[in-house]
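Visitor:
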Amino acid sequence: MPNVNELRMKCWTRGAAEDRTIALRQVVIAGWTGRDTAALNRHIAELKELGVQPPTKVPSFFRASVNVVSTQTELQYVGSDGTGEIEFFLLSQQDGLWVGVGSEHTDRKVESYSIPVSKQLCQKAVAPELWRYEDVKDHWDRLILRAHILERGRRTLYQEGPLSDIRRPEELISTYTGGLTHLEPGTLMFGGTFSALGGVRPAPEFHMELEDPVRLRKIVHHYRIDTIPWEE
-10 MPNVNELRMK CWTRGAAEDR TIALRQVVIA GWTGRDTAAL NRHIAELKEL GVQPPTKVPS
50 FFRASVNVVS TQTELQYVGS DGTGEIEFFL LSQQDGLWVG VGSEHTDRKV ESYSIPVSKQ
110 LCQKAVAPEL WRYEDVKDHW DRLILRAHIL ERGRRTLYQE GPLSDIRRPE ELISTYTGGL
170 THLEPGTLMF GGTFSALGGV RPAPEFHMEL EDPVRLRKIV HHYRIDTIPW EE
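Throughout the sequence shown, residue numbering follows the numbering used here, covering -10 to 221 in sequence.
1) Tell me where the alpha helix (DSSP H) around residue 30 begins and ends.
2) Between the segment 110 to 129 and the segment -5 to 3, are three or more C-beta pairs nearer than 8 Å?
3) Where residue 34 and residue 149 are concerned, what is the direct C-alpha to C-alpha distance, given to the nearest angstrom?
4) Quick one: give me the first and last residue of the alpha helix (DSSP H) that residue 109 is part of.
5) What are the residues that DSSP puts in a beta bridge with residue -6?
6) My assumption, with CB atoms under 8 Å, is that residue -3 sits in contact with residue 117. Please give the rounded CB distance.
7) Apart from the five residues just before and just after residue 169, which ones in its own chain have a Cβ nearer than 8 Å to its Cβ?
8) Could I get the ranges of all uninterrupted beta strand (DSSP E) runs contained in the segment 103 to 152, with 3 residues as the minimum, in chain order?
9) Residue 64 lies in the beta strand (DSSP E); which residues open and close that run?
10) If you count every other CB in all the chains shown that lies within 10 Å of the CB of residue 129, and 16 or more means buried, which is it?
11) For residue 193 and residue 214, which I take to be in contact (beta-carbon distance under 8 Å), what is that distance rounded to the nearest angstrom?
12) Identify the continuous beta strand (DSSP E) that holds residue 88 and give its terminal residues.
13) Could you tell me the alpha carbon to alpha carbon distance between residue 196 and residue 137, rounded to whole angstroms?
14) Name the two residues that bound the continuous alpha helix (DSSP H) containing residue 162.
15) Looking only at its chain, what residues have a beta carbon closer than 7 Å to the beta carbon of residue 110, apart from the 5 residues adjacent to it on each side?
16) What is the DSSP secondary structure of residue 190, reduced to helix, strand or coil?
17) In terms of DSSP beta bridges, what is residue 296 paired with?
18) Quick check on the burial criterion: 16 or more other C-beta atoms within 10 angstroms. Buried or exposed for residue 19?
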(Lines of atoms letter the chains of each structure in order from A and count residues from 1; the text may use other names and numbers.)
(Lines give C-alpha, C1' and ligand atoms only; values in the text may rest on other atoms or scores of the structure.)
Protein backbone atom coordinates (compact mmCIF):
# COMPACT_ATOMS: atom_id res chain seq x y z
CA MET A 1 0.00 0.00 0.00
CA PRO A 2 1.39 3.44 -0.92
CA ASN A 3 1.83 5.93 1.90
CA VAL A 4 -1.00 8.49 2.12
CA ASN A 5 -1.35 11.62 4.26
CA GLU A 6 -4.97 12.65 4.73
CA LEU A 7 -5.57 16.39 5.18
CA ARG A 8 -8.84 18.14 5.94
CA MET A 9 -9.25 21.07 3.56
CA LYS A 10 -11.90 23.68 2.79
CA CYS A 11 -12.05 23.87 -1.01
CA TRP A 12 -13.44 27.06 -2.55
CA THR A 13 -15.02 27.27 -5.99
CA ARG A 14 -15.96 30.90 -6.56
CA GLY A 15 -17.92 31.76 -3.40
CA ALA A 16 -18.90 28.23 -2.39
CA ALA A 17 -16.87 26.07 -0.01
CA GLU A 18 -16.75 22.32 0.37
CA ASP A 19 -15.01 20.44 3.19
CA ARG A 20 -12.93 17.56 1.89
CA THR A 21 -10.45 14.97 3.07
CA ILE A 22 -7.49 15.20 0.69
CA ALA A 23 -5.42 12.06 0.10
CA LEU A 24 -1.88 13.33 -0.35
CA ARG A 25 0.23 10.76 -2.23
CA GLN A 26 3.42 12.61 -3.19
CA VAL A 27 5.18 15.88 -2.42
CA VAL A 28 7.40 17.81 -4.84
CA ILE A 29 9.38 20.90 -3.86
CA ALA A 30 10.33 23.26 -6.67
CA GLY A 31 13.29 25.54 -6.02
CA TRP A 32 14.85 28.56 -7.72
CA THR A 33 11.68 29.30 -9.64
CA GLY A 34 11.95 33.08 -10.07
CA ARG A 35 11.12 34.57 -13.45
CA ASP A 36 13.41 37.56 -12.93
CA THR A 37 17.07 36.58 -13.22
CA ALA A 38 18.33 39.39 -10.96
CA ALA A 39 15.86 38.54 -8.20
CA LEU A 40 16.66 34.84 -8.55
CA ASN A 41 20.37 35.57 -8.24
CA ARG A 42 19.72 37.59 -5.06
CA HIS A 43 17.94 34.61 -3.51
CA ILE A 44 20.76 32.29 -4.55
CA ALA A 45 23.28 34.75 -3.04
CA GLU A 46 21.47 35.00 0.32
CA LEU A 47 21.39 31.22 0.61
CA LYS A 48 25.05 31.00 -0.39
CA GLU A 49 25.86 33.20 2.60
CA LEU A 50 24.35 30.42 4.72
CA GLY A 51 26.58 27.86 3.04
CA VAL A 52 24.01 26.57 0.53
CA GLN A 53 25.64 25.81 -2.81
CA PRO A 54 24.12 27.34 -5.97
CA PRO A 55 21.85 25.06 -8.02
CA THR A 56 23.15 23.18 -11.05
CA LYS A 57 19.91 23.93 -12.90
CA VAL A 58 16.88 26.18 -12.50
CA PRO A 59 14.25 25.39 -11.61
CA SER A 60 15.20 22.35 -9.52
CA PHE A 61 12.84 19.75 -8.08
CA PHE A 62 13.15 17.70 -4.89
CA ARG A 63 10.96 15.00 -3.39
CA ALA A 64 9.80 14.75 0.21
CA SER A 65 7.68 12.35 2.22
CA VAL A 66 3.95 13.04 2.26
CA ASN A 67 4.14 13.01 6.06
CA VAL A 68 6.10 16.27 6.22
CA VAL A 69 3.00 18.27 5.23
CA SER A 70 0.85 19.50 8.11
CA THR A 71 -2.04 21.89 8.74
CA GLN A 72 -1.21 22.09 12.46
CA THR A 73 -0.30 25.41 14.05
CA GLU A 74 2.09 24.03 16.69
CA LEU A 75 5.13 22.32 15.16
CA GLN A 76 8.32 20.93 16.69
CA TYR A 77 11.74 21.22 15.07
CA VAL A 78 15.08 19.86 16.25
CA GLY A 79 17.68 22.61 16.63
CA SER A 80 17.38 26.33 15.92
CA ASP A 81 18.65 26.46 12.34
CA GLY A 82 15.30 26.10 10.61
CA THR A 83 13.52 28.98 8.88
CA GLY A 84 10.17 29.32 7.18
CA GLU A 85 9.66 30.55 3.64
CA ILE A 86 6.33 31.37 2.09
CA GLU A 87 5.29 29.58 -1.08
CA PHE A 88 2.15 28.87 -3.05
CA PHE A 89 1.51 25.21 -3.63
CA LEU A 90 -0.37 23.34 -6.32
CA LEU A 91 -2.49 20.35 -5.39
CA SER A 92 -3.80 18.03 -8.07
CA GLN A 93 -7.11 16.25 -7.45
CA GLN A 94 -9.36 14.15 -9.66
CA ASP A 95 -11.47 17.23 -10.45
CA GLY A 96 -8.55 19.46 -11.40
CA LEU A 97 -5.83 21.68 -9.99
CA TRP A 98 -6.08 23.63 -6.75
CA VAL A 99 -3.85 26.25 -5.15
CA GLY A 100 -2.98 27.07 -1.54
CA VAL A 101 -0.31 28.67 0.61
CA GLY A 102 2.31 27.13 2.87
CA SER A 103 5.77 27.45 4.39
CA GLU A 104 8.54 25.29 3.01
CA HIS A 105 10.34 25.26 6.36
CA THR A 106 13.97 24.20 5.91
CA ASP A 107 16.90 23.43 8.20
CA ARG A 108 19.59 25.78 6.84
CA LYS A 109 22.48 24.05 8.56
CA VAL A 110 21.59 20.73 6.96
CA GLU A 111 20.85 22.46 3.66
CA SER A 112 24.50 23.62 3.52
CA TYR A 113 25.62 20.02 2.96
CA SER A 114 22.51 18.26 1.59
CA ILE A 115 19.55 20.04 0.04
CA PRO A 116 17.47 16.85 -0.41
CA VAL A 117 17.93 15.87 3.25
CA SER A 118 17.04 19.39 4.44
CA LYS A 119 13.80 19.27 2.44
CA GLN A 120 12.80 16.04 4.15
CA LEU A 121 13.85 17.00 7.67
CA CYS A 122 11.31 19.71 8.53
CA GLN A 123 7.53 19.66 8.53
CA LYS A 124 5.90 21.98 6.00
CA ALA A 125 2.98 24.00 7.33
CA VAL A 126 0.10 24.55 4.89
CA ALA A 127 -3.14 26.45 5.30
CA PRO A 128 -6.23 24.19 5.38
CA GLU A 129 -7.91 26.08 2.50
CA LEU A 130 -7.69 25.77 -1.28
CA TRP A 131 -8.84 27.82 -4.26
CA ARG A 132 -9.69 26.21 -7.57
CA TYR A 133 -6.90 27.14 -9.98
CA GLU A 134 -9.34 27.89 -12.80
CA ASP A 135 -10.86 30.64 -10.63
CA VAL A 136 -7.55 32.53 -10.37
CA LYS A 137 -5.80 31.45 -13.57
CA ASP A 138 -6.69 34.56 -15.57
CA HIS A 139 -5.32 36.96 -12.93
CA TRP A 140 -2.65 34.65 -11.47
CA ASP A 141 0.16 37.21 -11.75
CA ARG A 142 -1.78 39.63 -9.54
CA LEU A 143 -1.94 37.24 -6.57
CA ILE A 144 0.34 38.25 -3.69
CA LEU A 145 2.33 36.18 -1.22
CA ARG A 146 3.10 37.82 2.12
CA ALA A 147 4.82 36.50 5.25
CA HIS A 148 5.48 37.98 8.69
CA ILE A 149 7.61 36.62 11.51
CA LEU A 150 7.54 37.33 15.22
CA GLU A 151 10.80 39.09 15.97
CA ARG A 152 11.73 40.51 19.39
CA GLY A 153 8.06 40.32 20.28
CA ARG A 154 6.89 42.27 17.23
CA ARG A 155 5.27 41.16 13.96
CA THR A 156 7.76 41.94 11.18
CA LEU A 157 7.26 41.78 7.41
CA TYR A 158 9.56 39.00 6.19
CA GLN A 159 8.63 38.28 2.57
CA GLU A 160 6.28 39.88 0.07
CA GLY A 161 5.76 39.80 -3.67
CA PRO A 162 3.38 39.12 -6.56
CA LEU A 163 3.24 35.75 -8.26
CA SER A 164 4.36 37.49 -11.45
CA ASP A 165 7.87 37.09 -9.95
CA ILE A 166 7.58 33.28 -9.95
CA ARG A 167 7.20 30.87 -12.86
CA ARG A 168 3.62 30.00 -13.71
CA PRO A 169 2.12 26.66 -12.67
CA GLU A 170 1.93 25.42 -16.27
CA GLU A 171 5.67 25.92 -16.73
CA LEU A 172 6.56 24.26 -13.43
CA ILE A 173 4.34 21.27 -14.16
CA SER A 174 5.65 20.86 -17.70
CA THR A 175 9.28 21.14 -16.60
CA TYR A 176 8.85 18.64 -13.78
CA THR A 177 6.84 16.07 -15.77
CA GLY A 178 8.87 16.32 -18.97
CA GLY A 179 6.17 18.01 -20.99
CA LEU A 180 2.87 16.87 -19.46
CA THR A 181 0.17 19.42 -18.68
CA HIS A 182 -0.94 17.92 -15.37
CA LEU A 183 0.27 16.40 -12.13
CA GLU A 184 -0.87 13.01 -10.94
CA PRO A 185 -3.89 13.30 -8.59
CA GLY A 186 -2.74 13.46 -4.99
CA THR A 187 0.44 15.39 -5.86
CA LEU A 188 1.33 18.55 -3.96
CA MET A 189 3.98 20.81 -5.48
CA PHE A 190 5.52 23.77 -3.62
CA GLY A 191 6.16 26.56 -6.12
CA GLY A 192 9.17 28.51 -4.84
CA THR A 193 9.70 31.74 -2.97
CA PHE A 194 11.23 35.24 -2.78
CA SER A 195 14.23 36.68 -0.99
CA ALA A 196 13.70 37.47 2.70
CA LEU A 197 13.57 41.13 3.71
CA GLY A 198 16.56 41.64 6.00
CA GLY A 199 17.97 38.19 5.27
CA VAL A 200 17.01 34.60 6.09
CA ARG A 201 16.67 34.08 9.85
CA PRO A 202 14.77 31.91 12.34
CA ALA A 203 11.75 33.09 14.29
CA PRO A 204 9.37 31.59 16.88
CA GLU A 205 6.27 32.29 14.76
CA PHE A 206 5.62 32.39 11.03
CA HIS A 207 2.51 34.01 9.52
CA MET A 208 1.56 33.59 5.86
CA GLU A 209 -1.10 34.77 3.46
CA LEU A 210 -2.06 34.42 -0.19
CA GLU A 211 -4.03 37.47 -1.31
CA ASP A 212 -6.34 37.70 -4.31
CA PRO A 213 -6.84 41.45 -4.92
CA VAL A 214 -9.29 40.78 -7.76
CA ARG A 215 -11.76 38.66 -5.79
CA LEU A 216 -10.91 40.48 -2.54
CA ARG A 217 -10.08 37.43 -0.45
CA LYS A 218 -7.14 35.82 1.35
CA ILE A 219 -5.96 32.47 2.60
CA VAL A 220 -4.16 32.99 5.91
CA HIS A 221 -2.34 30.63 8.24
CA HIS A 222 0.34 30.66 10.90
CA TYR A 223 2.40 28.27 12.97
CA ARG A 224 4.38 28.47 16.18
CA ILE A 225 7.73 26.76 16.48
CA ASP A 226 8.73 24.63 19.44
CA THR A 227 12.51 24.17 19.23
CA ILE A 228 13.87 21.06 20.89
CA PRO A 229 17.58 20.37 21.49
CA TRP A 230 19.65 17.91 19.49
CA GLU A 231 20.62 16.25 22.73
CA GLU A 232 20.12 16.75 26.45
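A virtual CB, placed ideally from N, CA and C, is assigned to each residue, including glycine.
Guide: From the atom records:
1) It spans 26 to 37 - the alpha helix (DSSP H) in which residue 30 sits, taken as one unbroken run.
2) Short answer: they touch.
3) A straight-line Cα-Cα distance of about 18 Å links residue 34 and residue 149.
4) Residues 104 to 110.
5) Answer by DSSP bridge pairing, in chain order: 13.
6) For a cut-off of 8 Å, the C-beta gap from residue -3 to residue 117 is around 6 Å, short enough to register as a contact.
7) Taking C-beta separations shorter than 8 Å and ignoring five residues to either side along the sequence, the partners of residue 169 in its chain run 162, 163, following chain order.
8) Taking 3 residues as the minimum length, the beta strand (DSSP E) runs contained wholly in the segment 103 to 152 are 113 to 115, 118 to 121, 133 to 140, 143 to 151, in order along the chain.
9) For residue 64, the enclosing beta strand (DSSP E) stretches over residues 63 to 67.
10) Buried.
11) That pair is a contact at about 5 Å.
12) Where residue 88 is concerned, the enclosing beta strand (DSSP E) stretches over 85 to 92.
13) The straight-line gap from Cα to Cα measures roughly 5 Å.
14) Unbroken alpha helix (DSSP H) run through residue 162: 158 to 166.
15) Taken in chain order, the residues that qualify are 96, 99.
16) In the displayed model, residue 190 falls within coil according to three-state DSSP, outside both helix and strand.
17) What is shown of the chain runs -10 to 221, which leaves residue 296 out entirely.
18) The residue in question, residue 19, is buried, as its Cβ has 16 or more Cβ neighbours within 10 Å.
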